Amino acid sequence: GKFVGSIDLEDTVLKTNIEAAREIAKQLRLRDIGGIIIIDFIDMNSPEHEKMVISALELELKKDRTKAHVLGITNLGLVEMTRKKVRQSLDEVLEKVCPYCEGRGRILSEDTMAKKVEREISRIFRTRRGEAILIEVHPSVAAVIIGVGGNRLSQLEQRHGKYIFIKGKDDLHPEDIRVKAVGSRIKLENFAMPVREGQMIEVIIEEIHITNPNNGIARVDGYVIDVEDGAHLSGTKAKVQITKTYRTYAKARLI
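For the sequence shown, this note's numbering gives the first residue as 10, with consecutive numbering after it.
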């Protein structure tokens with residue numbers, strides 16, 4: 010191959026190491042890597058070049074909000090540094106910023122609230138008779154409890170051998186749990202489903218369906234109405250006819 014002189018080779022090694030130092034600092038920041046870190050650069054014969062690489066590393070680390078400190082080069086020619094480990098506190102894992110007080114306080118996350126509701130349901134079934142229960146919670150919490158395609162709610166019902174009706178209510182605080190009734194399935198089903206098949210009603214298309222962008226989502230007393238081809242009417246009123254009712258939502262078409 011082509012001969013490379015020693016001076017050109019040293020310059021190439023210096024350039025490569027400086028680029029590596031910048032990329033290493035960037036990756037430490039992006040991946041949030043902490044603790045004692047050992048970096049093995051290409052060997053350099055010039056102490057001046059070593060200082061230049063260390064300087065490049067330190068300069069790039071200054072862009073990092075997390076405190077990092079380059080300790081120097083070990084006897085084996087390895088660069089040793091530390092970066093403070095940053096972990097979420099338990100509160101940060103279980104909670105999220107409160108939308109009601111613009112971040113001045115904190116509330117339980119939807120996942121944490123869903124688990125709390127499930128524990129409350131278990132407690133009620135242990136102490137009260139009835140084949141079904143109707144619970145009202147904030148819509149964001151209701152969505153988590155019900156799960157994709159109603160799978161989580163179905164698993165919860167199988168666990169207890171009971172019927173569980175979950176209604177989302179916009180007027181409830183995200184941490185509120187309202188036990189509406191405990192009793193027979195038929196009675197609670199009438200409470201939980203405020204519409205019937207064939208019924209024609211006027212609704213507000215509140216948003217576009219997440220998984221079917223052609224459809225719109227409306228709500229009647231917290232009960233979800235999936236309006237076929239209603240996405241273009243988002244934010245407006247529309248007359249619809251209920252075509253099919255389910256435990257957790259109903260299907261409708263525009264009229």
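Note that CB positions come from ideal geometry on N, CA and C, so glycine has one too.
Please read all numbers here as calculations on a predicted model, not as lab measurements.
Exercise for the section: Out of 76, 225, 61, state which residue places its alpha-carbon closest to the alpha-carbon of residue 45. Expected result: In the sequence shown, counting from the first residue as 1, residue 45 sits at position 36. Residue 45 has its Cα closest to that of 76, out of 76, 225, 61.
Handout entry: Secondary structure of residue 252, DSSP reduced to three states
Key = In the sequence shown, counting from the first residue as 1, residue 252 sits at position 243. Residue state, collapsed to three classes: strand.
Practice task
Report the residue ranges of all beta strand (DSSP E) runs contained in full by the segment 216–247; include only those spanning at least 3 residues, in chain order.
Solution key: 225–229, 232–237
Practice task
Look at the alpha carbon of residue 328 and the alpha carbon of residue 52, and state the distance between them as a whole number of angstroms.
Solution key: In the structure as shown, the chain begins at 10 and stops at 264. Residue 328 is therefore absent and cannot be evaluated.
Handout entry: Straight-line Cα distance separating residue 171 from residue 120
Key = As a working note, residue 120 is residue 111 in the sequence shown. As a working note, residue 171 is residue 162 in the sequence shown. Taking C-alpha positions only, residue 120 is separated from residue 171 by approximately 22 Å.
Practice task
Flag this pair as yes or no: are the beta carbons of residue 67 and residue 80 separated by less than 9 Å?
Solution key: Position 58 of the sequence shown, counting from 1, holds the residue named residue 67. Position 71 of the sequence shown, counting from 1, holds the residue named residue 80. Taking 9 Å as the Cβ cut-off, residue 67 and residue 80 do not qualify as a contacting pair.
Practice task
To the nearest angstrom, report how far apart residue 248 and residue 34 are at their CA atoms.
Solution key: On the sequence shown, position 239 is the one that residue 248 refers to. On the sequence shown, position 25 is the one that residue 34 refers to. Looking at the two C-alpha atoms, the distance is approximately 58 Å.
Problem - Pick from 238, 200, 216 that is closest to residue 223, judged by C-alpha positions - result: By one-based count along the sequence shown, residue 223 stands at place 214. Comparing Cα-Cα distances from residue 223 to each of 238, 200, 216, the minimum goes to 238.
Handout entry: Opening and closing residue of the beta strand (DSSP E) in which residue 209 lies
Key = Position 200 of the sequence shown, counting from 1, holds the residue named residue 209. Per DSSP, residue 209 belongs to the beta strand (DSSP E) from 209–213.
Problem - Exposure label - residue 197; buried when at least 16 CB within 10 Å - result: Along the sequence shown, one-based indexing puts residue 197 at 188. Label assigned to residue 197: buried.
Exercise for the section: Specify the secondary structure class of residue 78 as computed by DSSP and reduced to three states. Expected result: Counting from 1 along the sequence shown, the entry for residue 78 is found at position 69. Residue 78 falls in the strand class under three-state DSSP.
Problem - Residues of its chain near residue 265, where Cβ-Cβ distance is below 7 Å and the 5 sequence neighbours each way are ignored - result: What the structure shows of the chain is the stretch from 10 to 264, and residue 265 is not part of that stretch, so it cannot be assessed.
Problem - Straight-line Cα distance separating residue 49 from residue 29 - result: Within the sequence shown, numbered from 1, the residue matching residue 29 stands at position 20. Within the sequence shown, numbered from 1, the residue matching residue 49 stands at position 40. Residue 29 and residue 49: Cα-Cα distance of roughly 10 Å.
Problem - Neighbour-count burial assignment, residue 228, 16 or more Cβ in a 10 Å radius - result: Indexing the sequence shown from 1 puts residue 228 at position 219. The residue is buried, with at least 16 neighbouring Cβ atoms inside 10 Å.
Exercise for the section: Report yes or no: do three or more beta-carbon pairs, one from the segment 178–191 and one from the segment 138–149, lie closer than 8 Å? Expected result: yes
Problem - Cβ-based neighbour list, residue 25, same chain, cut-off 8 Å, excluding 5 preceding and 5 following - result: Looking up residue 25 in the sequence shown gives position 16. Around residue 25: 51.
Problem - As assigned by DSSP and simplified to three states, the class of residue 204 - result: By 1-based counting over the sequence shown, the position of residue 204 is 195. In the structure shown, residue 204 sits in coil (DSSP, three-state: anything other than H, G, I, E or B).
Problem - CB contact flag (residue 133, residue 151, <9 Å) - result: Mapped onto the sequence shown, residue 133 falls at position 124. Mapped onto the sequence shown, residue 151 falls at position 142. No.
Handout entry: Alpha carbon of residue 37 to alpha carbon of residue 43, nearest angstrom
Key = To locate residue 37, count along the sequence shown from 1; it is residue 28. To locate residue 43, count along the sequence shown from 1; it is residue 34. Using only the alpha carbons, I get a separation of about 8 Å.
Practice task
May I have the straight-line CA-CA distance separating residue 55 from residue 117, to the nearest angstrom?
Solution key: Position 46 of the sequence shown holds residue 55. Position 108 of the sequence shown holds residue 117. So the two alpha carbons sit approximately 57 Å from each other.
Handout entry: Cα-Cα separation between residue 252 and residue 261, rounded to whole angstroms
Key = As a position in the sequence shown, residue 252 is number 243, starting the count at 1. As a position in the sequence shown, residue 261 is number 252, starting the count at 1. The straight-line gap from Cα to Cα measures roughly 5 Å.
Handout entry: Local Cβ density within 10 Å of residue 265, reported as buried at 16 or more and exposed below that
Key = Nothing can be reported for residue 265: it is not among the residues displayed for the chain, which extend from 10 to 264.
Handout entry: Option nearest residue 62 by Cα separation, candidates 31, 235, 241
Key = Sequence index remark: in the sequence shown, residue 62 carries index 53 (1-based). Answer by Cα proximity: 31.
Exercise for the section: Enumerate, from N- to C-terminal direction, the unbroken beta strand (DSSP E) stretches of 3 or more residues contained entirely within the segment 121–190. Expected result: Counting whole runs of 3 or more residues, the segment 121–190 contains the beta strand (DSSP E) stretches 141–146, 172–177.
Practice task
Have a look at residue 232 and residue 201 and give me their C-alpha separation to the nearest angstrom.
Solution key: Numbered from 1 along the sequence shown, position 223 holds the residue referred to as residue 232. Numbered from 1 along the sequence shown, position 192 holds the residue referred to as residue 201. Answer to the nearest angstrom: the Cα atoms are 8 Å apart.
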